[in-house]
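Just add 102 to the spot in the sequence shown (first one is 1) and you have the working numbering.
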Amino acid sequence: MAERLDLAVVVIGLRAPTALAAAVRSVLDQNIPLEIVVVNSGGGNAKALLADCGIDVTAIEVEERLFAGAARNRGIAATQAPFVAFLADDCLACPQWAEIRLQRHREGAAAVASAVLNSHPRNLVACAAHLVTYMRRLPGLSAGKAQRYGVSFDRKLFERYGMFDERMRSGEDTEFMARLPEVLRPVWEPRVLTVHRNETSLFGLLADQYRRGRRYGAYLRSIQAEKPVRPFRKVFRDRRNVGKLVEEGLSGKDRTFARLSVPIVWLALFAKSLGTWVGARYGDTTASRR
């Protein structure tokens with residue numbers, strides 16, 4: 103008789119990057135059995151890539167590029183476990199990533215949010231990249247200050263509240279969670295840790311943050327009629343919070359290097375703010391992979 107699998111993990115790939123294999127391997131290396139499916143879109147050959155690495159999991163290939171919501175929905179439909187988690191191809195699941203999620207779900211949590219670690223904690227550019235994007239998902243933060251993303255869900259939520267919006271370029275998880283009543287929204291679980299591969303070159307960081315900002319601005323434009331200068335100020339104002347969040351969210355050498363990266367953080371926040379202004383004013387033509 104087949105063992106019951108209580109947690110499904112949907113690994114989302116875009117154009118089958120080589121990093122996809124490491125992301126899948128980090129899920130396979132978890133200490134509990136999992137139902138795993140890869141959803142790769144936009145071309146490439148994820149099945150061949152994984153096979154070459156000795157990885158045998160279910161892989162769904164979609165030739166056209168899917169937005170994150172569509173990729174998530176494909177993975178949900180292809181799995182059966184009562185709880186569903188997601189991992190992007192530029193991330194790695196840390197040890198006990200799955201076990202602690204499942205523990206919280208079994209304790210009654212309908213949705214469980216996770217913290218994020220920096221892939222290069224001794225590289226100042228990577229530290230800045232991490233802080234700009236994940237300053238509110240640092241593992242030492244209290245529940246009151248943490249943003250609830252990197253979420254796994256009870257499958258019943260999708261049956262009751264619908265699936266992810268497949269038309270949104272980004273923010274599909276924010277939109278879905280906004281439909282949930284307060285009692286069902288994610289709990290903060292900083293012991294569930296995901297490593298994000300961050301940019302290590304300054305040019306790459308600024309370009310990435312501009313793109314992220316533009317997607318965010320386009321999202322704001324789609325849900326509210328607001329003057330573009332307001333989102334610009336809102337994003338750039340975040341520079342005031344970096345130091346406080348670093349002090350609470352990190353410790354030891356991680357905190358030291360994060361402190362040293364703050365001037366780069368300000369520069370990256372300006373690039374993100376500029377992208378937000380452009381997105382809020384003109385929209386966006388880029389796609390989000392998560």
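Ideal Cβ placement from N, Cα and C applies to all residues, glycine included.
Q. When DSSP builds the beta bridges, which residues end up paired with L194?
A. Locating residue 194 in the sequence shown gives position 92, counting from the first residue. BP columns for L194 point to V297.
(Q) At a cut-off of 6 Å, would you count F188 as near the ligand HEM, judging by its Cβ distance to the nearest heavy atom? (A) This structure lacks the ligand HEM; in fact it carries no ligand of any kind.
Q) Run through DSSP, which three-state label would V159 get? A) Within the sequence shown, numbered from 1, the residue matching residue 159 stands at position 57. Three-state result, V159: coil.
Q: Using the Cα positions of L352 and A179, report the straight-line distance between them to the nearest angstrom.
A: The sequence position of residue 352 within the sequence shown is 250, counting from 1. The sequence position of residue 179 within the sequence shown is 77, counting from 1. Distance between the alpha carbons of L352 and A179 is about 38 Å.
Q) Would DSSP call F278 helix, strand or coil? A) Mapped onto the sequence shown, residue 278 falls at position 176. If DSSP states are grouped into helix, strand and coil, F278 belongs with the helices.
Q. Measuring CB to CB, does G319 end up less than 7 Å from G273?
A. Along the sequence shown, one-based indexing puts residue 319 at 217. Along the sequence shown, one-based indexing puts residue 273 at 171. No, the pair does not count as a contact, with Cβ atoms beyond the cut-off.
Q) Around the C-beta of L109, are 16 or more other C-beta atoms found within 10 angstroms, so that it is buried, or is it exposed? A) As a working mapping, residue 109 is identified with position 7 in the sequence shown. L109 counts as buried, since no fewer than 16 other beta carbons sit within 10 angstroms of its beta carbon.
Q: Less than 8 Å between the CB atoms is what I'm expecting for V140 and T160, so what's the real figure, rounded?
A: On the sequence shown, residue 140 is found 38 positions in, with the first residue counted as 1. On the sequence shown, residue 160 is found 58 positions in, with the first residue counted as 1. Contact holds; Cβ gap of about 7 Å.
Q: Within the same chain, show all residues whose beta-carbon is closer than 7 Å to that of V214, passing over the 5 residues directly before and after it, in chain order.
A: Looking up residue 214 in the sequence shown gives position 112. The beta carbon of V214 sits closer than 7 Å to those of R203, R206, H207, V253, S254, P288, V289, E291, V294, all from its chain and outside the five residues before and after it, given in chain order.
**Q.** 3 or more residues per run - each beta strand (DSSP E) lying fully within the region 196 to 240
**A.** As far as the region 196 to 240 is concerned, its whole beta strand (DSSP E) runs of at least 3 residues are 213 to 220.
Q | Cβ neighbour criterion (16 or more within 10 Å) applied to E261 | A | Mapped onto the sequence shown, residue 261 falls at position 159. Its Cβ having fewer than 16 others within 10 Å, E261 is exposed.
(Q) Can you check which of these residues, S143, D154, P184, M265, is closest to L168 by C-alpha distance? (A) In the sequence shown, the residue the question calls residue 168 occupies position 66. Nearest C-alpha to L168: S143.
Q. Just the Cα atoms here: how many angstroms apart are G354 and V164?
A. Here residue 354 is taken as the residue at index 252 of the sequence shown, counted from 1. Here residue 164 is taken as the residue at index 62 of the sequence shown, counted from 1. Between G354 and V164, the C-alpha separation is close to 44 Å.
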